[in-house]
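In this text, residue positions in the sequence shown follow my numbering: the first is 80, and each later residue adds one.
Let me begin by presenting the structure, written as structure tokens, before commenting on it.
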Amino acid sequence: MRSLLFLIGLLAAVVFLEACDRGAPLEPERGDPATARTHQDRSRIVWPSREFRTLQDAIDAAPAGATLEIQAGDHFVATPLEIRKDLTLAGAGAGRDGTGPVKRLQGRPPRPGVDESGTVLVKAADVEAYVAAYGIDLEVRDLVLQGFDAGILATVDEAGRGGITTVRDVVVDQSGRGIVALGSGTLIVEDTDILAPAWHGISASDGLSQLFLKDMKILGPGCAGVYVENVEESVVTANVSVIGATCVGIVAIETSGLILDSILLSNRYAGIVLFQAPVFLIRDNIIQNTLPVGTSNIAGDAIALFLSPDVDVESNLTFQSARAGLAAYGSSVTIEDNTMLCSAFDIDNEIWDGVPTTFDDQGGNECGCDGPLGDCEAVSSQILPPPPVNDP
């Protein structure tokens, strides 16, 4: 377990997080340097301008590797933008710190994504995104994107090749989904806010190679703050706040990775959910006021693990969970130095599909409420697990 987590940390977390701390660009190596594509600014195009009537015209005219600078102000873009060459979209500022000029691209409202019965009407593969990148290296920075079915879509080209999509200092506001990544490639998001998406804030699936999220806020998503399924290599989530999610804070399905130093407040269903996650580390997170779903009061666990064979849960604080501080269904879990306060019960230990749950208690875990803290007790609630969260 420790060696596998070390490999994940070495290949992903250390390179990623240390590069951020040094202020270095988050660019994973990509094959032979002699043939790797780069973001060198071979040209600079400013929009709006007399030369290009629309932003799409400016994108089409830009040579590969160009930087397209969008001037401050509010600009309505009627149709989704398609990008099929390496490009940087740079605005005048997203205003996340309350200062400086703001560049806002406004689009039509998102199509209804879910009907009254909860059926998903707009699938992830069918979104019309404000900015859609097809198999290219794209950087989006210093912008506010409003509207459409997604703020940004990163997906493969006709040959099935993915690229590296980097999003920095961006606000995605009132879109259907915030950022969607499908197929092979890498998605890097940092210093970005996703506000009131109708469905998931981040949706990454279909064999994405790597996902890195750092220094983000996701507020009021209509379902999950972060939804990850079948990411092939690793997921690193660090210092990400998810507040007020309707169906879960962060969910990872058939994916290995790390969730570190994040804050999950007032989310329904669960703060963190893992389903068939081969190897995962959950460490130094604060998970507070997790609520159940619907009138039937389904779930409400701070952390819920399903059929996940190798999970480390270390140094987390959970507080006021409607059900358990930690619930495990057919999973193998190592717990150490966690504090679980004022939940309906401390740890839920369940058999699922004939697979028992095992806990390796490394010590330092404390539980209780309104009094001295004591040992954490693992019990069976004999309650069926909640239904899965998905993104068809």
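The C-beta atom is built at its ideal place from N, Cα and C for all residues, glycine as well.
The criterion of a C-beta distance shorter than 9 angstroms is satisfied by L292 and V314. Take A383, set aside five residues on each side of it, and the residues of its chain with a beta-carbon closer than 6 angstroms to its own are A349, V352, A406, in chain order.
In this chain, the beta strand (DSSP E) harbouring D270 covers 265-274. A distance below 9 angstroms separates the beta carbons of R220 and G170. I162 and G226 have their C-alpha atoms roughly 18 angstroms apart. With a 10 Å radius around the Cβ and a threshold of 16 neighbouring Cβ atoms, L452 comes out exposed. Closest in C-alpha terms to L370, from the list V390, R347, L224, comes R347. Segment contact: the region 429-444 against the region 407-416, three or more CB-CB distances shorter than 8 angstroms; contact assigned. Counting along the chain, the unbroken beta strand (DSSP E) around I366 starts and ends at 365-367.
Annotated three-state conformation of I430 is coil, per DSSP. CA-to-CA, the gap between R190 and V310 works out to about 27 angstroms.
Distances from the alpha-carbon of P388 to those of L339, G264, F359 put F359 closest. Residue burial annotation: K202 is exposed, with fewer than 16 other C-beta atoms found within 10 angstroms of its C-beta.
Residue range 134-140 is occupied by the alpha helix (DSSP H) that includes D139. Separation of the CB atoms of V156 and L200 is rounded to 23 angstroms, and the pair is thereby denied contact status at 8 angstroms.
C-alpha of R123 to C-alpha of N364: approximately 42 angstroms in a straight line.
By a beta-carbon distance limit of 8 angstroms, D294 does not contact E333. Their separation comes to about 26 angstroms. With at least 16 other beta carbons inside 10 angstroms of its own, A145 counts as buried.
Under DSSP, V259 shares a beta bridge with L232, S282.
The three-state reading of DSSP puts A204 in helix, counting H, G and I together.
When secondary structure is reduced to three states using DSSP, S411 falls in the strand class. Between T234 and Y209, the C-beta spacing is not below 9 angstroms. In the structure shown, T325 falls within a coil segment according to DSSP collapsed to helix, strand and coil. Its chain contains G262, S263, N309, E311 as the residues whose beta carbon lies nearer than 7 angstroms to that of G286, once the 5 sequence neighbours on both sides are disregarded; these appear in chain order.
Beyond the five residues adjoining it in sequence on each side, A137 comes within less than 7 angstroms, by CB distance, of I124, W126, F131, L147 in the same chain, given in chain order.
When only Cα atoms are considered, D194 and I366 end up about 30 angstroms apart. CA-to-CA, the gap between L168 and I149 works out to about 7 angstroms. Across the structure, G379 and D139 are spaced so that their CA atoms are roughly 48 angstroms apart. For G152, the uninterrupted beta strand (DSSP E) run begins and ends at 152-155, by DSSP. Assignment of R187 by DSSP, reduced to helix, strand and coil, places it in the coil class.
Annotation for L134: W126, V156, L160 place their beta carbon closer than 7 angstroms to its own, counting only its chain and skipping 5 residues before and after. By the neighbour-count criterion, in which a residue is buried when 16 or more other Cβ atoms sit within 10 angstroms of its Cβ, G443 is exposed. E456 and F424 have their alpha carbons spaced roughly 8 angstroms apart. If you compare the alpha carbons of G192, V246, V249, S282 with that of G304, the shortest gap goes to S282. The closest CA to that of Q399, considering only C446, T198, H154, is found on C446.
Of the candidates E207, P188, D427, the residue whose Cα lies closest to the Cα of A401 is D427.
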